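Residue numbers for the sequence shown follow my numbering, beginning at 17 and rising by one.
To start, the structure itself, in structure tokens.
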Amino acid sequence: MSEDVTVIVLAAGGGTRMKSKTMKVLHPIAGRSMVGHVLQAARALEPARIVAVVGHQREQVGPHIEELVPGVVLAVQETQDGTGHAVRVAWEALPAEARTGTVIVAYGDTPLLEGETLRRFAAFHRESAVAMSILTGVVADPTGYGRIVRDEAEGVAAIVEDRDAGPEDAAISEINSGILAFDAEFLDAALPRIGNQNAKGEYYLTDTVSLARQDGRTVAAFVLDDVMQTEGANDRAQLATLAAEMNRRILDRWMREGVTIADPTSTWIDADVKLAADVTILPGVQLQGATAVDEDAVIGPDTTLKDVEVGAGARVVRTHGELAVVGPGAVVGPFAYLRPGTTLGRGGKIGTFVETKNADIGEGAKVPHLSYVGDATIGEGANIGAGTIFANYDGIAKHRTHIGAHAKTASNNTFVAPVTVGDGAATGAGSVIRRDVPPGALAVSSGPQRQFDEWVLRKRAGTAQADAAARATRAGTGAATEGSPDGGTPDPEVGEAPTGG
Ligand code: UD1
Ligand code: CA
């Protein structure tokens, strides 16, 4: 830890151009708030303390920052009177003994800023042994930025703000990124000397440059080639531009780490996602939050996973998943919906049009088709028939279903929870299982089939259906007519389907 580094993050501005009820610095990019990215970069410095200046909507911003950086010092700037004023408020929030060493100032809305850049900048400042250092960049369009005015010896003479710049200064393409480093003693003496006699009537932090020069001190400039790192997002269009750029950088990093990304233009990966080498990502994939994918797994196409853990060699196809765990070698989809609390064991399967929630599906167990599995434990090697519903909700409370190891349940079953099917048990097709099934038993709940011979020939005469039946009867190609227990009963009313008893 660098005992002597304090980072001040300015996040008091209103961000009115976002036109949002959400404060600007809280808008997310790659799964983290903008200020969250800056704080993450700040942490790379291992600073002794971080001070965040909050103002507008501080009841939103303050708790968010405190959650990300426990122990952060929050300084409240009641009115936004300029960056110089904001830093003074931060400074006053610190005890006298903490006002030492190096002070780094950054803004809360520059999400692309990298910790490594701050580390290099802080090291540069320390080695230069100057009053202050400026992280600068050379840009094509310097409009809006403070310009870096150099003296004959190429030293930094001043920062002239955009609104105060005459034509000559306005033409300068080297700009102040906003990230500054100060010697604490100098900053302490300079802050009270900043005035507000300028075009905006604000206290400019950038006036510290001319103050240093007045004191005969040197100001150093560290030119950053990758200027996008210090770009801020003021509106939604800039937010989208920065988000796309961050995504591009994240994908680039993973590809260098050995991840195959078939189509970077349709793949979005959040900053906190972890991928192993030899993971393959097919087109149309979004990996969000704390999703982690182990080696040789294949994700996609068209899959969104948020906070999902995918084991080695697993395959997840056209799936939407959240807070779920997919075991090694397991297969999910196409068209699966994994809701929170789903755990699929090694080599298991959650197949086509299957929705799961709070479901613990054991090793090698399979739910292959058209099912809802809610609040269930399915033992290893069990197989759930097509079209099965785990009826977990009785209208008042949720209940759990347990299916034993290697049980084989048939198609179109309903498990009315709470209910338990024992190990190695079986069920018949179309069963509604309300009572526990002992291990090894076969449970059948659908009634015997009732049949009304030649019903169609009599009641649907003249239709294609009746004609087909007549042809089959004449040719003797129909199924043999079995003796039906209901053989002699009168016909049911037309329109009322014949049903099992
Ligand atoms: C500032 C710099 C300018 C630099 C540019 C880079 C000053 C005077 N100017 O200009 O040299 O090129 O950034 O983007 O420093 N903030 C507060 N409280 C305030 C005022 C601002 O917290 O009272 C915060 C804002 O929320 C924002 C940051 O400080 O995150 C910068 O403020 P802004 O008003 O955008 O400064 P610029 O005019 O862009
Ligand atoms: Ca700005």
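Backbone N, C-alpha and C define an ideal beta-carbon position, used for all residues, glycine too.
Because the structure is a prediction, the values reported are computed rather than measured.
- According to DSSP, residue 382 shares a beta bridge with 365, 399.
- Taken from the Cβ of residue 99, at least one heavy atom of ligand 1 lies inside 6 Å.
- Rounded to the nearest whole angstrom, the CA to CA distance from residue 344 to residue 26 is 45 Å.
- The alpha-carbon separation between residue 64 and residue 231 amounts to approximately 28 Å.
- Annotation for residue 102 indicates a beta carbon within 6 Å of some heavy atom of ligand 1.
- Around the CB of residue 74, 16 or more other CB atoms lie within 10 Å, so the residue is classed as buried.
- Contact between residue 120 and residue 138 holds, with the beta-carbon distance rounding to 6 Å and staying under 8 Å.
- Of 402, 403, 179, the smallest CA-CA separation from residue 215 is found for 179.
- For residue 239, the enclosing beta strand (DSSP E) has its first and last residue at 235–239.
- One alpha carbon belongs to residue 269, the other to residue 129, and they sit about 15 Å apart.
- By a beta-carbon distance limit of 8 Å, residue 443 contacts residue 459. Their separation comes to about 5 Å.
- The closest CA to that of residue 59, considering only 42, 81, 47, is found on 81.
- By the Cβ neighbour-count rule, residue 86 is exposed, with fewer than 16 other Cβ atoms within 10 Å of its own.
- Here residue 316 is not near residue 324, since their CB atoms are 7 Å or more apart.
- Not one heavy atom of ligand 1 is found less than 6 Å from the C-beta of residue 409.
- Residue range 319–322 is occupied by the beta strand (DSSP E) that includes residue 322.
- Relative to the non-hydrogen atoms of ligand 1, the Cβ of residue 217 never comes closer than 6 Å to any of them.
- Per DSSP, the unbroken alpha helix (DSSP H) holding residue 252 starts and ends at 252–272.
- Relative to the non-hydrogen atoms of ligand 1, the Cβ of residue 69 comes within a distance shorter than 6 Å of at least one.
- Nearest to residue 50 by C-alpha distance, out of 66, 218, 287, is 287.
- In chain order, 292, 293, 294, 295, 328 place their CB closer than 7 Å to the CB of residue 311, counting only its own chain and leaving out the 5 sequence neighbours on each side.
- In the three-state DSSP reduction, residue 419 falls in the strand class (E or B).
- Contact between the stretch 146–154 and the stretch 257–274 is absent: fewer than 3 CB-CB pairs across the two stretches fall below 8 Å.
- Counting C-beta pairs with one atom in each stretch, the stretch 209–229 and the stretch 237–249 have fewer than three that are closer than 8 Å, which means they do not touch.
- For residue 148, the enclosing beta strand (DSSP E) begins and ends at 148–154.
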